[in-house]
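Working notes, structure below.
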Amino acid sequence: MEHFAVIQTLCRIGLEGSDPRFRKQVERLRDRLRSASDQKAVAALDRLLVGATSEHGLAPSVVEVSRTLVTGDELTSNVHPPSDRETSVPLAEVILEPGAGKPAPIFTETLQLALDAMLDEWKRVETLRAMGVEPSRSCLIYGPPGTGKTLTAFWLAEQLHLPIVNARIDGLVSSFLGTTARNIANLFAFANRYRCVLVLDEFDALAKMRDDPHEVGEIKRVVNTLLQNLDSRAGTGLTIAITNHDSLLDSAVWRRFENHIRIDLPDQRTRVAMLENFLRPLSIDEDVIKTLAFIVGHRSGSYLKNFADSLKRVLVLGNVEVSAAGIIRAARTLVPRMSLENGISSPARLFVHDESSFVGALLESGIGIRQASLAEMLEVSQSTISRYSREFTTRTANEEVAVHAE
Ligand SMILES: Nc1ncnc2c1ncn2[C@@H]1O[C@H](COP(=O)(O)OP(=O)(O)OP(=O)(O)O)[C@@H](O)[C@H]1O
Ligand SMILES: [Mg+2]
0 MEHFAVIQTL CRIGLEGSDP RFRKQVERLR DRLRSASDQK AVAALDRLLV GATSEHGLAP
60 SVVEVSRTLV TGDELTSNVH PPSDRETSVP LAEVILEPGA GKPAPIFTET LQLALDAMLD
120 EWKRVETLRA MGVEPSRSCL IYGPPGTGKT LTAFWLAEQL HLPIVNARID GLVSSFLGTT
180 ARNIANLFAF ANRYRCVLVL DEFDALAKMR DDPHEVGEIK RVVNTLLQNL DSRAGTGLTI
240 AITNHDSLLD SAVWRRFENH IRIDLPDQRT RVAMLENFLR PLSIDEDVIK TLAFIVGHRS
300 GSYLKNFADS LKRVLVLGNV EVSAAGIIRA ARTLVPRMSL ENGISSPARL FVHDESSFVG
360 ALLESGIGIR QASLAEMLEV SQSTISRYSR EFTTRTANEE VAVHAE
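Here numbering that gives the first Met the number 0 is used: the first residue of the sequence shown is 0, the next is one more, and so on.
Here is the structure:
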């Protein structure tokens, strides 16, 4: 069949969604091809259809969140959130499809397990109640900037097929403090009326207000309003608060949340998964990705996304061949303008300024890069790589001796 390779790709992409109408059409096409005795094409489509079935079989089933857990009217595009009376700025944003246009977040295994367990609790309310226990309803997500906290809150709501009422607390804290307490009350009244997940982003803005010595009484009132509203929402819906500065939250606020999820900077393995994902559609050898993840070091997902996008730009604009050596050459031009960790022995610095120590540190790190692929990436012979490695071992041993001698 003419252009079958393209048709096959279209079918593969279409089957990744779970629309039964698309599947039906692929089955129709397969049956037509069978009548036309194109057995090779029939076999290829059969494989795609079977693959799609098993993948969907593995995906978590779509379970509607119990209406006794999340109560209220349905949010629609006709429902408008309340606004600040003085400024007319809306107190929240209604997001009907929180996952639309957003990538799925990538986490360490431990974090993924924690989030899955929390989702499970929210999806299987009746099972819990049969055991006489209520599910938790609130979660505080905290951690350094750019680690995917907001993305995670949206992803959680998407998994539950619930819309979000998204309030940025920094926007809610009015310059007229008296109005802030009213804004908070109005926001909660709105969220409580509808079936939704209430997301309180930049939650530390409230805590930061306490730094203002002139407004002590007023701020107490605002924090009290918040605590009261969190308490009265406890039996109504799901609430996710997000903060970068967990240390600023006072313990009374902290206690209001049943789950505390810390999202840390990604480890090497998670950085590899992120870069693989962010560098798509480029298909890059695993050793090269591991090396890039090592070079970038302890940086956030947001930083890695930026790095991957910049690398793609260098590769495309510079017409650089997407080979192991090409990518490493592109990374070498990129790293000096990426404000990477600047310590004397940071991987990024060694990569640019001291190839021998870079190779030594990389091999020593135990992330499992083969010497042969390292030689290919750096465009040197394998014996040079071995020499770098030996030199590094001798140097670090000598340094240790010197330190002990001091
Ligand atoms: N864990 C992750 N998985 C996938 N992408 C991520 C992850 N962390 C960050 N990103 C990328 O960084 C972008 C910003 O993430 P997000 O806004 O969720 O971070 P944040 O922790 O809320 O940051 P801030 O503290 O600045 O509000 C995302 O849109 C995504 O492209
Ligand atoms: Mg955020």
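Think of the CB as a built atom: it goes at the ideal place given N, C-alpha and C, for glycine as much as any other residue. Values in this document were obtained by computation on a predicted structure and should not be read as measured data.
A straight line joining the alpha-carbon of D45 with that of A99 spans about 30 Å.
Counting only unbroken stretches of 4 or more residues, the alpha helix (DSSP H) elements lying wholly within the stretch 345-398 are 346-352, 354-363 and 370-377, in sequence order.
With a threshold of 7 Å, the Cβ atom of K101 does not count as near ligand 2, since no heavy atom of the ligand is closer than that.
Minimum Cα-Cα distance from M273 among the listed residues I105, V124 and L377 corresponds to I105. Close CB contacts of I163 within its chain, under the 7 Å cut and outside five residues either way in sequence, are with I94, P97, F153, A156, C195, V196 and V198 (chain order). Look at the beta carbons and you see the stretch 357-367 touching the stretch 288-305: at least three pairs across the two are nearer than 8 Å. In the three-state DSSP reduction, T238 falls in the strand class (E or B). Residue pairing by DSSP places A166 opposite L199 in a beta bridge.
Going by beta carbons, A91 and L205 fall outside the 8 Å limit. Residue environment for I12: exposed (fewer than 16 other C-beta atoms within 10 angstroms of its C-beta). The C-alpha of E120 is placed about 50 Å away from the C-alpha of N318.
Shown here, E157 sits in a helix according to DSSP, grouped into three states. The beta carbon of K304 sits closer than 8 Å to those of M273 and F277, all from its chain and outside the five residues before and after it, given in chain order. For K148, the shortest separation between its Cβ and any heavy atom of ligand 1 lies below 7 Å. The shortest C-alpha to C-alpha distance from T149 to any of R220, G300 and V287 is the one to G300. Distance from the C-beta of N243 to the nearest heavy atom of ligand 1 is below 7 Å. Annotation: the continuous alpha helix (DSSP H) that includes R270 extends over Q267 to F277. If you draw a 10 Å sphere on the C-beta of T8, you find fewer than 16 other C-beta atoms in it, and that means exposed. In this structure the stretch 233-243 touches the stretch 137-149; the number of beta carbon pairs closer than 8 Å is three or more.
Excluding the 5 residues flanking it on each side, T75 has no same chain C-beta neighbour closer than 6 Å. A straight-line Cα-Cα distance of about 37 Å links L377 and R261. A distance of 8 Å or more separates the beta carbons of V132 and G236.
Here DSSP, grouped into helix, strand and coil, assigns R22 to helix. Burial state of K23 is exposed, judged by a 10 Å Cβ sphere holding fewer than 16 other Cβ atoms.
Residue side-chain check: D203 keeps its Cβ at 7 Å or more from all non-hydrogen atoms of ligand 2.
Sorting R312, Y193, D249 and L361 by C-alpha distance to the C-alpha of N77 places Y193 at the top. Relative to ligand 2, D200 has its C-beta within less than 7 Å of a heavy atom. In the three-state DSSP reduction, I140 falls in the strand class (E or B).
By the Cβ-count criterion, A35 is exposed, with fewer than 16 other Cβ atoms from all chains shown falling within 10 Å of its own Cβ.
DSSP places I94 in no alpha helix (DSSP H) but in the uninterrupted beta strand (DSSP E) bounded by E92 to I94.
Within the same chain, and ignoring the five residues on either side of F306 in sequence, the residues whose Cβ sits closer than 7 Å to its Cβ are V295 and M337. In the three-state reduction of the DSSP assignment, P335 falls in the helix class.
Beta-carbon to beta-carbon, V334 and V351 are separated by about 5 Å, close enough to satisfy the 8 Å threshold.
With contacts defined by Cβ atoms closer than 8 Å, P80 and F202 do not form a contacting pair.
Closest option to T269, judged by alpha-carbon separation, among G147, L373, L362 and R31: G147. Just measuring C-alpha positions, the residue of D230, R279, R386 and D37 sitting nearest E354 is R386.
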